[in-house]
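**Student:**
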Amino acid sequence: MRYGRYQFTSRLESEAILPYYKGSTFRGVFGIALKKVVCALRRQECYECLLKEKCVYAFVFETSDSINLPKGSRIASPPHPFVIEPPLEKKEEYNKDEELSFNLVLIGKATEY
1009 MRYGRYQFTS RLESEAILPY YKGSTFRGVF GIALKKVVCA LRRQECYECL
1059 LKEKCVYAFV FETSDSINLP KGSRIASPPH PFVIEPPLEK KEEYNKDEEL
1109 SFNLVLIGKA TEY
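In the working numbering, the protein residues as written are 1009 to 1121.
1) When you compare the CB positions of Val1089 and Ala1048, do they come within less than 7 Å of one another, or not?
2) Look at the alpha carbon of Val1037 and the alpha carbon of Ile1092, and state the distance between them as a whole number of angstroms.
3) Taking all protein chains shown into account, decide if Leu1096 is buried (16 or more other Cβ within 10 angstroms of its Cβ) or exposed.
4) What separation, rounded to the nearest whole angstrom, lies between the Cα atoms of Tyr1029 and Cys1063?
5) In whole angstroms, give me the CA-to-CA distance for Lys1043 and Leu1058.
6) Do Glu1100 and Leu1026 come within 7 Å of each other at the CB atom, strictly closer than that value?
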């Protein structure tokens, strides 16, 4: 199976308090940023969009709508084709200009985007 692992480093513009587990925060930021960059029809829901079959956002975040499961499958919806590896530090308070890094692993067809 193909996969790509990418490391992102960001510098904080201001002080920040983040949760102990930062994975959901990075996932949310990633989703918002990706949709903002790639969505051509911003006022339409993904499931109604004519472009959803070719859209990277729909493929990555609306996975259940973009992958056909085999008939009779016991899987309600397939897993999203990415993994976020957040920093595992326990730190929650960050200063301005401090750096934060995380890894993004894209799996299978997601690597084509």
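The C-beta atom is built at its ideal place from N, Cα and C for all residues, glycine as well.
**Tutor:** The short version:
1) With the sequence shown as reference, residue 1089 is identified as Pro, and Val is not the correct amino acid for it. Cβ atoms of Pro1089 and Ala1048: not closer than 7 Å.
2) Linking Val1037 to Ile1092 through their CA atoms gives a straight-line distance of about 11 Å.
3) Label assigned to Leu1096: exposed.
4) If you draw a straight line from the Cα of Tyr1029 to the Cα of Cys1063, it is about 29 Å long.
5) Between Lys1043 and Leu1058, the alpha-carbon positions lie close to 15 Å from each other.
6) Yes. Within cutoff.
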